[in-house]
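The structure appears below as structure tokens.
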Amino acid sequence: MQEKTETGMGERARRGKLPALWTPGRRAALSWLLGLGLGMGALTVLLAWLTGQLTRAFTVSGLWLVLGLALAFGLGKFAERVLAEKLGQHYVAQLRGGLLKQSLTADRAPGLGVTVARSTNDLSSVRNWVIQGIVPLMAGIPLLLFALAGLYLSAPPLALALLIPLGLELLLLGVLAPGAYGAARVLRRRRGALASRIAETLGAATSVRAAGGVGREVGRLQDTAGRMAAAAVHRARFAGALRASALAVPLMGSVLLVGLASSAGLPASAITSGLLLLGISSAVLGEFGRMVEYRQNYKAARRILTPLLAQLAARGTGAGTRLPVGAPGNTPDVVRLQPAAGPDGRAWPTLLAGPGERIEVGGGRAAQQLLHRLATTGLASDPQPHGAWVGGRNLGLIPERSRRRLLGAALSGMVLERGSIARALRYRRPQGSLEEALRLAQLFGLDVDELPDAEATMLRRGGEPLDDAQRAGLLLARALLEKPALLVLDGLPGALSPGAAREAGRLLQDYPGVLLYRGTLPGLQPTRGWEPQART
1 MQEKTETGMG ERARRGKLPA LWTPGRRAAL SWLLGLGLGM GALTVLLAWL
51 TGQLTRAFTV SGLWLVLGLA LAFGLGKFAE RVLAEKLGQH YVAQLRGGLL
101 KQSLTADRAP GLGVTVARST NDLSSVRNWV IQGIVPLMAG IPLLLFALAG
151 LYLSAPPLAL ALLIPLGLEL LLLGVLAPGA YGAARVLRRR RGALASRIAE
201 TLGAATSVRA AGGVGREVGR LQDTAGRMAA AAVHRARFAG ALRASALAVP
251 LMGSVLLVGL ASSAGLPASA ITSGLLLLGI SSAVLGEFGR MVEYRQNYKA
301 ARRILTPLLA QLAARGTGAG TRLPVGAPGN TPDVVRLQPA AGPDGRAWPT
351 LLAGPGERIE VGGGRAAQQL LHRLATTGLA SDPQPHGAWV GGRNLGLIPE
401 RSRRRLLGAA LSGMVLERGS IARALRYRRP QGSLEEALRL AQLFGLDVDE
451 LPDAEATMLR RGGEPLDDAQ RAGLLLARAL LEKPALLVLD GLPGALSPGA
501 AREAGRLLQD YPGVLLYRGT LPGLQPTRGW EPQART
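Numbered as in the working numbering, the sequence shown ends at 536 without a single skipped number.
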């Protein structure tokens, strides 16, 4: 079901659209909301008619009936708001999952600040449009139609008191909407720039403080914040005009109704019913300004989100996962690597490696980039016929669960996830033995018995309270857990303590799978080397 949902989401994203709202899991809420809108519209007409009857012949029972209907109307609005929130949260959760997956799997992921801004501001704009745009429209349009019918039945001229303000308001909102959209786009860019600058500045806090640049960096942040504030004020002008028109125009309806009723000599009961219907309709019309504002913010957010979701769908999974029968590398545990040429034009020769081979990767920066891409994507970004295969299976195209069983990696620059040490050790293989993981960790310099809560110790902020050597030991232990067919190491040997490095070299010298590595370890001797060819 999840794969089907992601496929549908990707197809719509490629057409410049976000996922459909009318899908399984949301249809019931939408149906209830539509039913509530129709029910409250009919209830409004009945309430207005009964109120008019009270002006003709007052009765205590009639008064209680009107009050009961008013309470029912309020309960209907309460239910509408709760259902709208459930609908909006369900929809945003789908988008958030796709957005975070795109950020985690992209070859060139956006900055942390940009990702946070997209996951908060942009998704909030989508949520606001669903909850305070689509849902009020679903409830408001039936109510306006019922109110218009009720005014016409009371006295045909009274319908003009709603039609004229409605037409004028739609005209004003249509004129103001393009400007509101442009202002929303500018503000969104400025917010993203500010979030990105804050994240990058905080990430460089140590160097900023050491160089005495706190004042300068705060000043730059204030300048960026000032530009964002100016954009927010500019958008507020359009938002204010939208809401002012939506609140002021309906007042004309009350004046028109009184004038039309007086000129036609209508009875007090008709005027009372008309004013009640017009008052409820004015509340709906008053929300139209906010609806248009939320719609423009949503369009600005959609313009950012749809390309990202389309990128996620374009990568896809599941097709062409095996080499042809008889092809080199299509045998159990044999690794075949055929990377595309790097950005510097240097091509990598095809590598075929069998169990027990220890291959030292050369090429400096190009080698580092290749190993990181292999470990994180399985060379999924390399077009066919390029890629990485283990036992004939394409690592870039098989599901994550299958890839992590075949591939283990410990890379310099890896940041540990938030959670317990026990979870971190088995993060690649959650079903793996905790005892074996703890034994490997201790071998590589991480003795959990020395920590306050042993393996239950919580890791925060990238691996605290562990030091660099302990983090390297943890990463190496989880990469080796259950001995994957392909093990990729880059830069970790230099981060281990001397004793842990000796143990790692001894263990890896007899590793049963294929080992690709950069760096040196005591006792580890490569069986051969692998490096890119000269520039093409």
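Glycine residues also receive a C-beta, built at the ideal position from the N, C-alpha and C atoms.
The beta-carbon distance between residue 54 and residue 66, rounded to whole angstroms, is 7 angstroms. This is short enough to meet the 8 angstroms contact definition. DSSP places residue 336 in the uninterrupted beta strand (DSSP E) bounded by 335 to 338.
CA-to-CA, the gap between residue 469 and residue 459 works out to about 15 angstroms. Per DSSP, the unbroken beta strand (DSSP E) holding residue 490 starts and ends at 486 to 490.
For the options 174, 355, 491, 307, the alpha carbon positioned closest to that of residue 414 is the one of 491.
Non-local beta-carbon contacts of residue 427 in its own chain, meaning distances under 7 angstroms to residues more than five positions away in sequence, involve 417, 478 in chain order. Put simply, the backbone Cα of residue 473 is about 10 angstroms away from that of residue 425. Under the three-state reduction of DSSP output, residue 460 falls in the strand class.
Here the alpha carbons of residue 466 and residue 405 stand approximately 26 angstroms from one another.
Within the segment 368 to 430, the runs of alpha helix (DSSP H) at least 4 residues long that lie entirely inside it are, in chain order, 400 to 406, 421 to 425. By the neighbour-count criterion, in which 16 or more other beta carbons inside 10 Å mark a residue as buried, residue 58 falls on the exposed side. Secondary structure of residue 360 (DSSP, three-state): strand. In summary, residue 390 is buried, with 16 or more beta-carbon neighbours lying within 10 Å of its beta-carbon over all protein chains present. Assigned with DSSP and collapsed to three states, residue 529 falls in strand. Under the criterion of beta carbons closer than 8 angstroms, residue 277 and residue 184 do not qualify as touching, at roughly 34 angstroms. Taking all protein chains in view, the Cβ of residue 223 is surrounded by fewer than 16 other Cβ atoms within 10 Å, so the residue is classified as exposed.
Where residue 518 is concerned, the enclosing beta strand (DSSP E) starts and stops at 514 to 518. Taking residue 49 as reference, the option from 412, 272, 334 with the minimal CA-CA separation is 272. As computed with DSSP, residue 257 is found in no beta bridge at all. A residue is called buried when at least 16 other Cβ atoms come within 10 angstroms of its Cβ; residue 239 meets this threshold and is buried.
When Cβ pairs closer than 8 angstroms are counted between the two stretches, the segment 281 to 301 is seen not to touch the segment 69 to 76, the count staying below three. Here residue 353 is bridged, per DSSP, to 335. In the displayed model, residue 26 falls within coil according to three-state DSSP, outside both helix and strand. Residue 134: not part of any alpha helix (DSSP H); DSSP gives it neither H nor E. Apart from sequence neighbours up to five positions away, the residues of its chain that approach residue 429 with a beta-carbon distance below 8 angstroms are 404, 405, 478, 481, 482, ordered along the chain. The C-beta separation of residue 511 from residue 358 comes to about 7 angstroms, placing the pair in contact by the 8 angstroms criterion.
Residue burial annotation: residue 338 is buried, with at least 16 other C-beta atoms found within 10 angstroms of its C-beta. In this model, residue 497 and residue 521 are separated by some 11 angstroms (Cα to Cα).
Relative to the Cα of residue 165, the nearest Cα in the group 200, 81, 211, 253 belongs to 253. Comparing alpha carbon positions, the residue from 423, 306, 513, 501 closest to residue 95 is 306.
Only buried fits residue 122, as 16 or more other CB atoms lie within 10 angstroms of its CB.
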